[in-house]
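To start, the structure under review is shown below, and the notes come after it.
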Amino acid sequence: MATRPAAEIHVAVPPLSAERQVTWPKRTKARLANGLEVVLAESHTFPKFHGELFLRSGNAAIQRSPGLAEMTAAVVRTGTALRTSRQLEEDLRRLGADLSSHAGADNSAIAFAGLSELAEPLLQLVNELAREAAFPVPEFERERRQKLEEVKLDRTQPGFLAGERLRKVLFGAHPYAQVAPTEEQVAAYKRDDLLTTYHDFYTPENALLLMVGDFDSAAMLQTIEKVFGTWSGKQPVTPPAPEPAKPRGRHVHLVHVPGAVQAQILAGCRAITRKHPDWIKLGLTNSLYGGAFNSRLVMNIREDKGYTYSPRSSVHPLRQYGYFSVSAAVRNDVVAASLTEIFYELDKLRSLPVPDPELADARNYVSGVFSLGLATQDGLLSQLATVALNDLPDDYLETYRERVRALMPDDLLSAARKYLDSSNLQIVVVGDRTQIEPQAALFGDLDVYDAHGKRL
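Here it is, written out as structure tokens:
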């Protein structure tokens, strides 16, 4: 029996089904007498819960030395006045629970998850870490040695070097310019530095406790009051930060890595924070440009020209300021060609309205990604944390998809013109200058640095 050649077989893509309604969980907001803010969301899909104790201070709040909030968070996890590091691990295993701690530019946090029936003992453990962390000397020294190795390794990673240079260019003297400490700064860390950071930041007036899971909110609030009610401490005083830089005109910042076989491109400009009324417009605009796998930039320099495997653009919302960036790791011989296409797609988006079918696809993508993020307890917690930590309206999540679908071509055109600042985009290229400097210099005045930030 004859069969049709494979090339002649056409499979129709089925149409999208109607968007499903989201059943929003019951949410409870409260503030304890000591200032601790509490947000609870019931999710009864399975007998577990996820939680996070946020402290509204991070690395940017410590101007005396970069990375101290991150180091403090790492050592907080290593024991309390009542439990050694080993006892802590054994108790977590006994409870069937997970616990981690971390810090970024604007926040520090203790994250945890466990069985609903064992919520109180896990919360007691979190309470100990927030109030009575011991900062054992051996654990501090171990974490410091690990951090030293980490910062050494970072200096060999093109992506890190590009991100570090771009932040310095965009933020200048502001603490957001510092993405990581140097080896010398880590070597100079003292245990007392961490204790000072801990006592300043880990206070109930500076904290938000957010939990999502299989529990009754009224009963859980009573448990939280019982566990955390006697915690005390005031809001930390954060010194005013210097104004960030305002770079004007395109400028190229080349980080020289001798012998590099490819180049890392990262370009960016200052943008807005989540609290800005245009945030959702900018998010959808970014999705069209390079924030999705079927975006214009991906279709151009990955699918059509094969210059790179994973080009991407992003909007980064820090608390005080935001920034936009576009990145691609490319062959040395196509640095100029890649930058040309990056700017071509950027300027096209700033010049012409987005066709309706393309806009509809982008709306579906952004709305779908948002919906997927609500499918798990952990994902819902992340979305609720975004609202609470950024002081967004209470109905922000409920109305998000509706506001995405209301955006029209003119909205995206105005967002691109306002925030994708092509004429002032700062360009960072990391690679072997002997291979890429003549190409990079075509796009603006050029400065050259080594991997440690020293101007060459």
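Heads up: the sequence shown begins at 1 in the numbering used here, then just goes up one per residue.
Positions of the beta carbon are idealized from the N, C-alpha and C atoms, including for glycine.
> Beta carbon of K48, beta carbon of G213: below 8 Å?
Replying inline: Cβ distance < 8 Å, so K48 and G213 count as in contact.
> Can you tell which of R64, L148, K234, G431 has the C-alpha that lies nearest to the C-alpha of Q262?
Replying inline: G431
> When the Cα atoms are used, what is the spatial distance from R401 to P258?
Replying inline: C-alpha separation (whole angstroms): 47 Å.
>> In chain order, what are the residue ranges of uninterrupted beta strand (DSSP E) at least 3 long that sit wholly in the region 171 to 220?
In response: 207 to 213
>> Suppose contacts are defined by Cβ-Cβ distances below 8 Å. Is V169 in contact with P247 by that definition?
In response: yes
> What's the call for T197, buried or exposed, on a 16-neighbour Cβ count within 10 Å?
Replying inline: buried
>> If distances are taken between C-alpha atoms only, which option among R433, T386, S313 comes closest to R274?
In response: The candidate whose alpha carbon is nearest that of R274 is T386.
> At which residues does the beta strand (DSSP E) containing Y321 begin and terminate?
Replying inline: It is not in any beta strand (DSSP E) - Y321 carries neither H nor E in the DSSP assignment.
> Just to confirm, are A451 and V137 a CB contact at a threshold of 8 Å?
Replying inline: no
> Candidates G67, Y176, G35: which alpha carbon is nearest L318's?
Replying inline: Out of G67, Y176, G35, the CA that lies nearest to the CA of L318 is found in Y176.
> Applying the criterion that 16 or more other CB atoms from any shown protein chain within 10 Å of the CB defines a buried residue, is E164 buried or exposed?
Replying inline: buried
> Just to confirm, are P457 and Q185 a CB contact at a threshold of 8 Å?
Replying inline: The requested residue 457 does not occur in the structure, where the chain is confined to residues 1 to 456.
>> To the nearest angstrom, how far is the alpha carbon of L339 from that of Q264?
In response: 11 Å
>> Tell me the residue span of the alpha helix (DSSP H) that contains K281.
In response: 279 to 286
> According to the neighbour-count rule (16 or more other Cβ atoms, all chains shown, within 10 Å of its Cβ), is T399 buried or exposed?
Replying inline: exposed
> Alpha carbon to alpha carbon, how far is Q404 from V366?
Replying inline: For clarity, residue 404 is Val in the given sequence; the question names Gln instead. Distance between the alpha carbons of V404 and V366: 8 Å.
> What is the C-beta distance between C269 and D421, in whole angstroms, given that I count them as a contact (C-beta under 8 Å)?
Replying inline: 4 Å between Cβ atoms; contact.
>> Helix, strand or coil for R417? Go by DSSP, reduced to three states.
In response: The answer is helix: DSSP assigns R417 an H, G or I state.
> Taking Cβ to Cβ, would you say E341 is nearer than 8 Å to N294?
Replying inline: no
>> So, at 8 Å on beta carbons, what are the nonlocal neighbours of L288 in its own chain, with the 5 sequence-adjacent residues on each side left out?
In response: S295, R296, L349, V354, E358, L359, A362, L412
>> Using C-beta distances below 8 Å, list every residue in its chain close to S232, excluding the 5 sequence neighbours before and after it, in chain order.
In response: If we look at S232 and ignore the five residues flanking it on each side, its Cβ neighbours are N34, T203, P204.
> Hey, how far is the Cα of I461 from the Cα of V315?
Replying inline: Lying outside 1 to 456, the shown extent of the chain, residue 461 is not represented and no answer is given.
>> Short of 6 Å in beta carbon distance, which residues of its chain neighbour M1, apart from the five on each side in sequence? Order them along the chain.
In response: Only weak support is given to the placement of M1: the predicted model assigns it a pLDDT of 45, under 50, and the value that follows is read from those uncertain coordinates. Answer for M1: no residue qualifies.
> Taking 7 Å as the cut-off, does the CB of D278 come closer than this to any heavy atom belonging to the ligand ADP?
Replying inline: Inclusion of the ligand ADP in the displayed structure is not the case, the ligand content being empty and no account of it being possible.
> When we look at the beta-carbon of H44 and count the other beta-carbons within 10 Å, is it buried (16 or more) or exposed?
Replying inline: Residue environment for H44: exposed (fewer than 16 other C-beta atoms within 10 angstroms of its C-beta).
>> Three Cβ pairs or more, each shorter than 8 Å: is that satisfied between the region 153 to 163 and the region 102 to 119?
In response: In the pairwise beta carbon analysis, the region 153 to 163 is classified as not touching the region 102 to 119: fewer than three pairs are separated by under 8 Å.
>> If distances are taken between C-alpha atoms only, which option among A329, T72, N286, S313 comes closest to G306?
In response: A329
> Counting pairs of Cβ atoms below 8 Å between the region 55 to 66 and the region 104 to 112, do you hit three or more?
Replying inline: With the cut-off at 8 Å, the region 55 to 66 and the region 104 to 112 touch.
>> So for Q87, helix, strand or coil by DSSP?
In response: Correct three-state label for Q87: helix.
> Thinking just about the alpha-carbon of each residue, which of A245, T308, A388 is nearest to the one in A30?
Replying inline: A388
> At which residues does the alpha helix (DSSP H) containing E139 begin and terminate?
Replying inline: 137 to 154
> Would you report the Cα separation of L494 and L407, rounded to the nearest angstrom?
Replying inline: Because residue 494 is not part of the residues shown, which for the chain are 1 to 456, the question remains open.
> Going along the chain, which residues of its own chain have a beta-carbon closer than 6 Å to the beta-carbon of H174, five neighbours each way excluded?
Replying inline: A241, P242, P244
>> Given a cut-off of 8 Å on the beta-carbon distance, is the pair R415 and K234 in contact?
In response: In the sequence as displayed, the identity of residue 415 is Ala instead of Arg. Not a contact, by the Cβ cut-off of 8 Å.
>> Between which two residues does the alpha helix (DSSP H) holding E402 run?
In response: 396 to 405
>> DSSP has D445 in a bridge; who is on the other side?
In response: H251
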